[in-house]
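Working notes for the structure below.
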Amino acid sequence: RSDARRSAGRSGRTAGRLGYRSPALVSGLTVWQPLFLILSFSALVEPLAALGIAALLYFLAAEKPGRAALVAGLLPVVRLELAVLLPLVAVWLVGRRAFRGLPVLAAPLLAWAITGAIAHGDLLWLPHAVQGGRPLTTTGPLHYFQNLISVTGPTVLLGLLLGFAVLVTPGEGPRPKWAAAVWLSLFATLTALTWDEL
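In my numbering, the protein residues as written are 228 to 425.
And the structure:
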């Protein structure tokens with residue numbers, strides 16, 4: 228529950244940094260997503276992952292490269308599929324000439340891989356462990372998109388779709404392109420990891 232509150236708070240502050248007129252609404256909409264609310268009362272890692280993603284987006288919006296690198300580097304340790312965000316954050320760091328953040332970004336995953344290699348006696352134990360099986364299955368590439376309304380709820384889904392519409396139309400106002408890139412990357416990765424025919 229603590230992670231859920233923090234994640235909602237970070238989401239609201241990120242919206243404020245991006246110039247939204249009603250950032251408090253973002254906090255409320257974060258908490259009231261059906262699966263987010265349900266998982267907030269569990270011991271699963273999803274709430275911690277959501278907190279990490281919210282913190283990452285906050286530090287990106289606040290232009291704090293060192294903290295963004297640290298949070299992004301820790302995300303794969305929480306949920307391995309979040310490693311897909313590391314190249315995105317690396318590009319962001321390079322674009323801001325924050326090269327000192329690159330080792331910080333790579334360190335947690337590298338430390339995990341090296342520790343596991345020593346413990347298991349297999350230099351490639353992490354890739355081997357990842358290839359060990361796929362507990363989730365889907366009906367195809369549109370599975371998660373078709374079920375998105377169940378995950379987010381109708382209000383958040385509407386906001387998500389309106390947000391993407393804002394990104395592709397000209398005009399003034401905030402353009403959370405990095406947030407969109409994070410969302411699309413995770414969505415594509417989850418689909419790829421759970422689609423049996425791939």
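Here a beta-carbon is modelled for each residue, glycine too, at the ideal position from N, C-alpha and C. Just so you know, these numbers come straight off a predicted model, no measurement behind them.
As the crow flies, the alpha-carbon of R240 is around 14 Å from that of V258. Separation of L283 and V298 (C-alpha to C-alpha, rounded to the nearest whole angstrom) is 6 Å.
A residue is called buried when at least 16 other Cβ atoms come within 10 angstroms of its Cβ; V321 does not meet this threshold and is exposed. Look at P397 here: in three-state DSSP terms it is coil, with no helix or strand label. Residue environment: A406 is assigned as buried (16 or more neighbouring CB atoms within 10 Å of its CB, all protein chains considered). S269 and A296 have their C-alpha atoms roughly 28 Å apart. With 16 or more neighbouring CB atoms inside 10 Å of its own CB, T379 falls in the buried class. Cβ-Cβ separation between L313 and L332: approximately 6 Å, consistent with a contact (criterion under 8 Å).
A contact between stretches requires three or more CB pairs, one per stretch, nearer than 8 Å, and the segment 368-387 meets this requirement with the segment 252-266. Within the model, the alpha-carbon separation for F414 versus Y371 is close to 8 Å. Under the criterion of beta carbons closer than 8 Å, S238 and A281 qualify as touching, at roughly 5 Å.
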